[in-house]
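Chemist: Sharing a structure, written as structure tokens. Questions coming.
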Amino acid sequence: MECHKTTTHIVYPVFYYVEPSEVRNQIGEVGEAFAKHENEEAAGKWRKALKEAADVAGWELKNTADGHEAKVIQQIVEKLSLELRSINGRIDENLVGMKDRINNIVSSLGTAPDDVIMIGIWGIGGGGKTTLARAIFNTISFQFEGKSFIENVREVSNASLSGLKSLQKQILSDVLNDQGINVSSENEGENMMWRMMRGRKVLLVLDDVDCMEQLEALAGDPSWFKPGSIIIITTRDEQVLVAHGVKFIHNVNLLSDKEGICLFNRYAFGREIPVQGYEELSRQVLRYAAGLPLTIKVLGSFLCGKSKLEWVDALARLKRIPLEETQKKLELSYTGLSEDYKEIFLDVATILKGMHDHIEEMGRNIVRRSHPDMPYKHSRLWIDDEIEDILANDLGTKATRCIKFYKERLNPEIVMKGLRKMKELRYLYVAQQSLYSNRAKRNPNCLNDFGVLCCNKVSPYFPDALQYLHWNNYPFGSLPKTFQANNLVALEMINSKIVQFWEGGERKALKKLRFLGLSGPKLRTFDLGLTPNLETLTLGGLGDLVELKIPVECPKLRSLKLYCAKLRPFDLWLTPNLEELFLEGGDMVEFHMPPRCLNLTSLNLKYLKLRTLDIGLTPNLENLSVMHCYDLEEIHMANECVKLRSVYLEGPKLRTVDLGPTPNLKRLDLHGSNDLEELHIPECPILTHINMSYSKLRIIDLRLVPNLNMLFLVRCKDLVELHLADECQELESLTVMHSKLRTLDLGLTPNIKMLNLEGSYNLLELHAPIGCLKNLVLLDLSGCLGFRSFSFRLNDNTSGIVNKSLEVRPLAELHFTLKTCPFHQDNNLLQFEFTCFHEDDIPSLIRSLEKLISGEGLFSRKILHPQQAPTTGAVLLGDY
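Have a look at this one:
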């Protein structure tokens with residue numbers, strides 16, 4: 001009992017065939033036993049302890065479970081297990097950022113309590129996977145009959161031929177608490193695990209798994225374990241988890257800025273905040289660490305106790321040389337890849353980017369370390385000065401696979417000459433200043449400085465191994481005839497000077513080309529027959545392009561984007577598998593869709609001279625956008641566009657729009673269709689946004705649109721009727737400005753926040769069920785000069801501009817038509833603003849307003865009298 005008082009020990013007494021009163025007062029059998037020790041020195045303490053123990057809640061055998069000992073023991077075990085959960089389940093406060101991550105994973109454990117649950121945790125090395133798995137293990141392990149945490153699965157299994165066998169033995173020994181178990185082979189180990197563990201509820205953690213073979217040997221099937229068991233797997237490779245059928249997969253997010261600061265301060269300064277004067281240096285370290293826990297801990301420990309000069313020196317060295325400990329940890333992921341995946345990884349890390357900074361550093365370090373002082377022997381080149389030196393001095397070798405080169409001042413002939421020896425080059429990215437940059441426009445002669453105007457002849461050489469070629473502002477008139485391009489998969493030339501595709505007008509097919517993007521002012525024709533396997537074609541800014549030839553069927557073309565002002569009409573009958581079509585500009589007055597464009601999901605047309613548009617059979621169309629087509633008079637939708645989700649039609653001459661069956665439509669924008677007189681909207685259960693501003697619609701019927709969220713009707717000057725669904729539970733914003741509406745019935749709109757009826761000078765009445773405007777924050781009735789009746793109630797949360805412009809007479813009646821005055825103690829109205837246009841009636845107006853705001857001193861008020869007010873009227877403000 002002394003420990004119970006002085007420490008965190010918990011006491012539960014068990015009264016085994018005795019009553020608490022007997023223990024408390026030392027009577028009966030307890031008294032007889034105690035009498036034998038009455039003369040001992042500690043008897044006084046014992047007596048006090050027994051009295052205290054009897055006052056603590058516990059178990060009295062004869063009054064619990066009918067005196068059944070086994071059942072009482074079961075109750076005791078359950079109670080103590082709950083207490084252990086609260087003790088063992090505490091999360092180590094030193095684990096920064098772990099609490100939410102642990103709770104997120106633990107919360108998913110209760111989704112299938114009668115199943116064997118496999119949970120995967122994946123992420124980059126040093127990202128905290130093992131720490132997280134260990135924290136979860138410590139939190140929930142007491143709930144299981146057996147438990148085992150297997151660390152370094154990858155390392156141990158690859159260390160020897162018996163690696164997996166030794167791990168099987170460790171699992172069995174841990175779970176069965178028997179160190180004498182022997183496993184003769186992996187196959188026997190699997191059988192033993194199935195036989196000996198399927199009757200036990202087990203918690204098993206397999207840390208750092210990197211292949212399916214390990215999982216098959218250590219947790220091959222859920223039938224190995226009793227329902228309720230949990231297997232947690234950490235790995236750098238998410239695909240391992242997917243292939244093993246793991247349903248619950250969690251990615252370990254890197255630390256947030258706040259978490260990173262907290263963790264670093266603990267390691268660098270031993271406290272939550274940095275030492276004064278080290279704040280900016282700490283921020284620089286954290287920018288380098290970029291949320292990676294391992295890097296933060298290593299750098300914090302390394303810099304702890306060091307001077308500012310040592311910090312500055314360390315930061316300077318990190319920019320040149322990656323942190324060795326972090327790099328070693330990360331490189332374990334790389335070494336486990338097959339050779340072809342290693343090549344792909346190095347391409348992405350060094351050239352394509354998009355990875356964590358430390359992973360990119362690691363990839364670049366791998367490329368450079370074999371020849372640190374001879375960049376011309378590197379397989380990938382990305383440092384501009386090194387590339388320029390190699391090209392200018394013709395130092396290229398077969399070792400070079402990829403080049404990414406950004407250079408403002410560039411002599412393209414030197415570039416082409418420097419490529420001659422790079423026979424195995426497969427990736428070339430060159431970016432130089434635009435021919436049409438602001439500097440070039442101001443001073444055309446400067447283009448000679450960049451080697452742009454001096455290149456009248458065709459480029460001499462491209463390596464035939466090239467698979468990807470990107471050259472911004474390509475200065476030559478065509479591709480060289482010496483370039484076979486048999487391996488070319490992607491070609492991008494933005495702002496190029498290409499006049500004809502091949503030198504000398506040669507017609508050479510690009511059979512492997514899948515992605516093509518060209519822009520520039522000179523190309524006049526393009527023949528899709530030369531690219532039979534093309535999937536994506538983008539032709540932009542080609543001011544002279546007048547003809548797109550499609551002589552043969554192009555079944556693989558998925559995306560077509562054309563931005564060409566002079567392009568003549570063409571049809572797409574030979575591109576049946578298009579998924580995305582974007583046309584901008586051109587003299588086209590006719591445009592023919594394929595009769596069956598079954599795969600088309602997105603259609604965008606801009607600045608075309610079409611009069612009619614027939615979308616054809618497009619059952620998978622999801623997005624339709626027709627903008628700035630000023631001559632468009634008719635649009636014919638498909639009979640069924642059941643997947644259509646977004647429609648944007650801006651045609652000033654459009655008169656009728658019939659959407660047909662569109663059950664998945666979410667957004668409808670007809671803004672700018674100024675002549676629109678007739679609109680047929682079918683049942684649209686998920687339509688949320690509508691904009692029909694500036695149309696000539698007289699009646700808008702939205703009774704089949706129950707989930708509307710935002711409705712914009714600006715300057716629909718012919719609008720006389722607006723019908724909303726009886727229940728618009730999701731409606732938050734309604735704007736009807738400058739219409740001819742006389743009445744507006746909002747129906748049930750409990751979530752509306754903004755109601756703007758500005759300029760609706762014919763509006764007389766506004767109807768809404770009592771209490772339905774409880775979330776209203778803005779009501780604008782500016783210019784509603786005929787308005788005479790509110791038939792709704794403003795509720796507790798109403799705040800904002802209630803009225804900006806009302807005539808004196810309607811305002812005087814306001815007091816009588818509101819069921820609850822807006823200036824009432826039950827409302828939170830912040831501002832009531834009006835403008836009066838009748839100066840002669842100001843005295844009576846002020847009396848009416850004073851009556852409205854009168855109360856038990858609830859509001860102080862400030863009234864601007866006529867001599868203080870603007871010449872246009874009077875203003876009253878409530879200052880609360």
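Heads up, the sequence shown is in UniProt numbering, so the first residue is 1 and it goes up one at a time. Every residue, glycine too, gets a C-beta built ideally from N, C-alpha and C. Here the structure is a predicted model, which means the values were calculated and not measured.
1. Given a threshold of 16 other Cβ atoms within 10 Å of its Cβ, counted over all protein chains shown, does Thr335 qualify as buried or as exposed?
2. State yes or no: is the C-beta of Phe248 nearer than 7 angstroms to some heavy atom of the ligand ZN?
3. Have a look at Asn827 and Leu581 and give me their C-alpha separation to the nearest angstrom.
4. Assign Arg524 to buried or exposed, taking buried as 16 or more other Cβ atoms, counted over all protein chains shown, within 10 Å of its Cβ.
5. Determine the DSSP secondary structure at Leu395, reduced to helix, strand or coil.
6. Taking 8 angstroms as the CB-CB cut-off, is Ala159 touching chain D?
7. If you run the structure through DSSP and keep just helix, strand and coil, what is Gly127?
8. Quick check on the burial criterion: 16 or more other C-beta atoms within 10 angstroms. Buried or exposed for Tyr474?
9. To the nearest angstrom, how far is it from the Cα of Pro20 to the Cα of Asp55?
10. Do Leu659 and Val647 have their C-beta atoms within less than 8 angstroms of each other?
11. Assuming contact is defined by CB atoms lying nearer than 8 angstroms, are Asp701 and His671 in contact in what I supplied?
12. If you measure between the beta carbons of Glu579 and Asn599, is that distance less than 8 angstroms?
13. Less than 8 angstroms separating the beta-carbons of Leu624 and Leu608?
14. Leaving out the 5 sequence neighbours to the left and right, which residues in its chain are closer than 7 angstroms to residue 893 when beta-carbon positions are compared?
15. On the DSSP bridge list, what partners appear for Phe15?
16. Opposite Asp527 in the DSSP bridges: which residues?
17. Just the Cα atoms here: how many angstroms apart are Tyr17 and Trp59?
18. Per DSSP, which residues does Cys402 bridge with? Please list them.
19. What do you get for residue 965, buried or exposed, if any count of 16 or more other CB atoms within 10 angstroms of its CB means buried?
20. Using the three-state DSSP reduction, which class does Leu746 fall into: helix, strand or coil?
21. Check for me: the beta strand (DSSP E) holding Ile231 runs from which residue to which?
22. Indicate the three-state DSSP secondary structure (helix, strand or coil) for residue 902 in the structure shown.
23. Could you give the DSSP three-state label for Lys147: helix, strand or coil?
24. Ends of the beta strand (DSSP E) at Ile686?
25. Ile635 by DSSP, collapsed to three states: which one?
26. Near Met637, which residues of its chain fall below 7 angstroms by C-beta distance, leaving aside the five closest residues on each side in sequence?
27. On the DSSP bridge assignment, give the partners of Lys561 in chain order.
28. If we count Cβ pairs, one from each stretch, closer than 8 angstroms, do we get three or more for the segment 127-143 versus the segment 285-304?
29. Specify, as a first and last residue, the run of the alpha helix (DSSP H) that Asn25 falls within.
30. Between the Cα of Phe476 and those of Gln484, Gln500, Tyr468, Gly228, spot the shortest distance and give me the residue it belongs to.
31. Tell me which residues share the same chain as His865 and place their Cβ nearer than 6 angstroms to its Cβ, disregarding the 5 neighbours each side in the sequence.
32. Identify, in the order they occur along the chain, each residue of the same chain with its Cβ nearer than 8 angstroms to the Cβ of Asn472, setting aside the five sequence neighbours on each side.
33. Going by alpha carbons, who is nearest to Val209 out of Gly228, Ile233, Leu203, Ala219?
34. Please confirm whether Ala135 and Ile121 have their CB atoms less than 8 angstroms apart.
35. Tell me which residues share the same chain as Leu748 and place their Cβ nearer than 8 angstroms to its Cβ, disregarding the 5 neighbours each side in the sequence.
36. I need the straight-line Cα distance from Gly228 to Ser107, nearest angstrom please.
Modeler: Per the coordinate set shown:
1. Start at 1 with the first residue of the sequence shown, and residue 335 comes out as number 335. Label assigned to Thr335: exposed.
2. As far as ligands go, the structure on display features none, and thus does not contain the ligand ZN.
3. Taking the sequence shown and counting its residues from 1, the one referred to as residue 827 is at position 827. Taking the sequence shown and counting its residues from 1, the one referred to as residue 581 is at position 581. The predicted model places Asn827 with a pLDDT of 37, which falls under 50 and marks its position as unreliable; any figure quoted below should be read in that light. Those two C-alpha atoms are separated by around 54 angstroms.
4. To locate residue 524, count along the sequence shown from 1; it is residue 524. Looking at its Cβ environment, which holds fewer than 16 other Cβ atoms inside 10 Å, Arg524 is exposed.
5. For this step, residue 395 is matched to residue 395 along the sequence shown. If DSSP states are grouped into helix, strand and coil, Leu395 belongs with coil.
6. The structure shown contains no chain D, having only a single protein chain.
7. Indexing the sequence shown from 1 puts residue 127 at position 127. Gly127: coil per DSSP, three-state reduction.
8. Here the question's residue 474 lines up with position 474 in the sequence shown. Buried, because 16 or more other Cβ atoms sit within 10 Å of the Cβ of Tyr474.
9. Mapped onto the sequence shown, residue 20 falls at position 20. Mapped onto the sequence shown, residue 55 falls at position 55. The alpha-carbon atoms of Pro20 and Asp55 are separated by roughly 8 angstroms.
10. One-based indexing of the sequence shown puts residue 659 at position 659. One-based indexing of the sequence shown puts residue 647 at position 647. Contact flag set, yes.
11. Taking the sequence shown and counting its residues from 1, the one referred to as residue 701 is at position 701. Taking the sequence shown and counting its residues from 1, the one referred to as residue 671 is at position 671. No, these two residues do not count as a Cβ contact at 8 angstroms.
12. Residue 579 sits at position 579 when you count from the first residue of the sequence shown. Residue 599 sits at position 599 when you count from the first residue of the sequence shown. The answer is yes: Cβ separation under 8 angstroms.
13. Counting from one through the sequence shown, the residue named residue 624 turns up at place 624. Counting from one through the sequence shown, the residue named residue 608 turns up at place 608. No. Outside cutoff.
14. Because the chain here runs from 1 to 880, residue 893 falls outside it and cannot be looked at.
15. As a working mapping, residue 15 is identified with position 15 in the sequence shown. Phe15 pairs with Glu60.
16. Here the question's residue 527 lines up with position 527 in the sequence shown. In DSSP, Asp527 forms a bridge with Lys549.
17. On the sequence shown, position 17 is the one that residue 17 refers to. On the sequence shown, position 59 is the one that residue 59 refers to. Those two C-alpha atoms are separated by around 11 angstroms.
18. Position 402 of the sequence shown, counted from the start, is the residue given in the question as residue 402. Arg380, Tyr427.
19. Past the edges of the chain, shown from 1 to 880, lies residue 965, and the structure says nothing about it.
20. Along the sequence shown, one-based indexing puts residue 746 at 746. Looking at Leu746 - three-state DSSP - the assignment turns out to be coil, as it is neither helix nor strand.
21. On the sequence shown, residue 231 is found 231 positions in, with the first residue counted as 1. Residues 230-235.
22. This structure cannot speak to residue 902, because the chain is shown only from 1 to 880.
23. Against the sequence shown, residue 147 aligns to sequence position 147. Three-state DSSP puts Lys147 in a strand.
24. For the purposes of this step, residue 686 is identified with residue 686 of the sequence shown, where counting begins at 1. No beta strand (DSSP E) contains Ile686, which DSSP labels as neither H nor E.
25. Counted from its first residue, the sequence shown places residue 635 at position 635. Three-state result, Ile635: strand.
26. As a first step, residue 637 is located in the sequence shown; it is residue number 637 there, counting from the start. Correct list, in chain order: Ile615, Asp658, Leu659, Gly660.
27. The sequence position of residue 561 within the sequence shown is 561, counting from 1. Answer is Thr538, Phe582, bridged to Lys561.
28. yes
29. One-based indexing of the sequence shown puts residue 25 at position 25. That run of the alpha helix (DSSP H) goes 20-25.
30. As a position in the sequence shown, residue 476 is number 476, starting the count at 1. The shortest C-alpha separation from Phe476 is found at Gln500.
31. For the purposes of this step, residue 865 is identified with residue 865 of the sequence shown, where counting begins at 1. For His865, the pLDDT reaches just 38, beneath the cut-off of 50, and the residue's location in the model is therefore unreliable, although a value from the coordinates is still provided. None.
32. Position 472 of the sequence shown holds residue 472. Excluding sequence neighbours, Asn472 sits near Val430, Ala431, Gln432, Ser434, Met493, Ile494, Asn495.
33. Numbered from 1 along the sequence shown, position 209 holds the residue referred to as residue 209. If we check each option's Cα against that of Val209, Ile233 comes out closest.
34. Looking up residue 135 in the sequence shown gives position 135. Looking up residue 121 in the sequence shown gives position 121. The answer is no: Cβ separation not under 8 angstroms.
35. Locating residue 748 in the sequence shown gives position 748, counting from the first residue. Correct list, in chain order: Asp726, Glu727, Cys728, Gln729, Pro769, Cys772.
36. Position 228 of the sequence shown, counted from the first residue, corresponds to residue 228. Position 107 of the sequence shown, counted from the first residue, corresponds to residue 107. Cα-Cα distance, rounded: 14 angstroms.
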